[in-house]
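Residue numbers (this note's numbering): 73 to 251. Glycine residues also receive a C-beta, built at the ideal position from the N, C-alpha and C atoms. Note sheet for the following structure.
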Amino acid sequence: MALNVCSRLTRNVVRVLANRSAIPVTRPLTRSSWTHLRYLHNISIIRYDSVSLRNFSSSSQPSVDVSYEQLKKLLVSGSSVVIDVREPWELREYGNIQGSINVPLGQVNGALQLTPDEFKEKYGGDMPSKSQNIVFSCLAGVRSKHALEAAVSLGYTKVQHFPGGWQEWAERELIQTKK
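Quick look at the structure:
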């Protein structure tokens with residue numbers, strides 16, 4: 073039953089996006105429909121008269137992927153805070169990007185809500201402000217993308233993501249040291 077409701081909602085969303093028009097009301101919701109809608113708590117309620125396409129996007133942040141070269145420049149200039157969201161044992165085992173701050177992914181949400189003094193004491197680096205540029209990194213770009221989304225949900229506006237992660241960084245740095 074819930075799958076049928078999801079299917080109908082999906083068809084309506086596709087129709088709205090294709091036509092850029094309001095969702096037609098085909099029939100009023102019955103009590104049983106409302107019962108099944110409780111499983112869909114993550115779906116935004118949509119106004120039928122004017123549909124905002126933002127209701128259909130996962131987030132509105134200006135997510136920007138940072139290349140290896142860009143990250144090197146940001147580190148040299150000191151204009152960004154680089155936060156590595158891998159676990160501490162991963163940094164000990166494999167290494168880290170020099171100048172990055174380690175805040176494991178599971179702690180990012182709480183860490184970005186600490187006071188600057190608490191952040192510095194716990195993580196050993198200066199806490200970024202909500203308007204400061206932050207670049208998240210991990211092993212291969214998956215966890216750093218989740219960290220980016222968490223930061224945006226907390227009001228951080230200049231967040232970026234290094235999708236190559238430690239794998240690309242280590243590979244490129246190793247190649248440069250061999251030259």
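Notebook entry, point to check: Per the contact definition of three or more C-beta pairs closer than 8 Å, is the region 198–206 in contact with the region 161–170?
Noted result: When Cβ pairs closer than 8 Å are counted between the two stretches, the region 161–170 is seen not to touch the region 198–206, the count staying below three.
Check: By the 10 Å Cβ neighbour count, where 16 or more other Cβ atoms means buried, how is Pro188 classified, buried or exposed?
Finding: Your numbering for residue 188 matches position 116 in the sequence shown. Pro188 comes out exposed.
Next item on the list: Leaving aside the five residues before and after Gln203 along the sequence, list all residues of the same chain whose C-beta is less than 7 Å from its C-beta, in chain order.
Entry: Against the sequence shown, residue 203 aligns to sequence position 131. Looking at the sequence shown, residue 203 is not Gln but Ser. The residues are Thr229 and Lys230.
Notebook entry, point to check: Can you name, in chain order, every residue of its own chain whose Cβ lies under 6 Å from the Cβ of His233, other than the five neighbours on each side?
Noted result: Residue mapping note: residue 233 aligns to position 161 of the sequence shown, counting from 1. Closer than 6 Å at Cβ, skipping near neighbours: Asp137, Phe208, Ser216, Lys217 and Leu220.
Notebook entry, point to check: If you check the beta carbons only, do Asn181 and Ala222 fall under 7 Å apart?
Noted result: Along the sequence shown, read from residue 1 onward, the residue named residue 181 stands at position 109. Along the sequence shown, read from residue 1 onward, the residue named residue 222 stands at position 150. Closer than 7 Å, so yes.
Checklist line | According to DSSP, residues forming a beta bridge with Ser203 | finding: For the purposes of this step, residue 203 is identified with residue 131 of the sequence shown, where counting begins at 1. For Ser203, DSSP records no beta bridge to any residue.
Notebook entry, point to check: Any idea if Ser152 is buried or exposed, counting beta-carbon neighbours within 10 angstroms, 16 or more meaning buried?
Noted result: Along the sequence shown, one-based indexing puts residue 152 at 80. Ser152 should be labelled buried.
Item checked: Opposing strand residues paired with Val148 [DSSP bridges] -> What you label residue 148 is simply residue 76 of the sequence shown in a count that begins at 1. Residue pairing by DSSP leaves Val148 without any beta bridge partner.
Note to self: If I measure Cβ to Cβ from Cys210 and keep anything under 6 Å in the same chain, skipping five residues before and after, which residues do I get?
What the structure shows: Along the sequence shown, one-based indexing puts residue 210 at 138. Closer than 6 Å at Cβ, skipping near neighbours: Val157, Arg158, Ser216 and Gly237.
Next item on the list: Pick helix, strand or coil for Gln142, following the three-state DSSP scheme.
Entry: Counting from 1 along the sequence shown, the entry for residue 142 is found at position 70. Reduced to three states, the DSSP call for Gln142 is helix.
Check: Short check: CB of Ile155 to CB of Ile173, under 7 Å?
Finding: Here residue 155 is taken as the residue at index 83 of the sequence shown, counted from 1. Here residue 173 is taken as the residue at index 101 of the sequence shown, counted from 1. Result yes, Cβ atoms of Ile155 and Ile173 sit closer than 7 Å.
Check: Under a three-way DSSP split, which group does Phe208 fall into?
Finding: The residue labelled residue 208 in the question sits at position 136 within the sequence shown. Judged by DSSP in its simplified three-state form, Phe208 adopts strand.
Notebook entry, point to check: What did DSSP end up calling Val180 once you bin it into helix, strand or coil?
Noted result: Mapped onto the sequence shown, residue 180 falls at position 108. Helix, per DSSP.
Next item on the list: Let me know if Leu226 comes out buried or exposed under the rule of 16 or more other beta-carbons within 10 Å of its beta-carbon.
Entry: Start at 1 with the first residue of the sequence shown, and residue 226 comes out as number 154. Counting Cβ neighbours within 10 Å, Leu226 comes out exposed, since fewer than 16 surround it.
Item checked: Boundaries (first-last residue) of the beta strand (DSSP E) holding Val157 -> The residue labelled residue 157 in the question sits at position 85 within the sequence shown. Element bounds for Val157: n/a, residue is neither H nor E.
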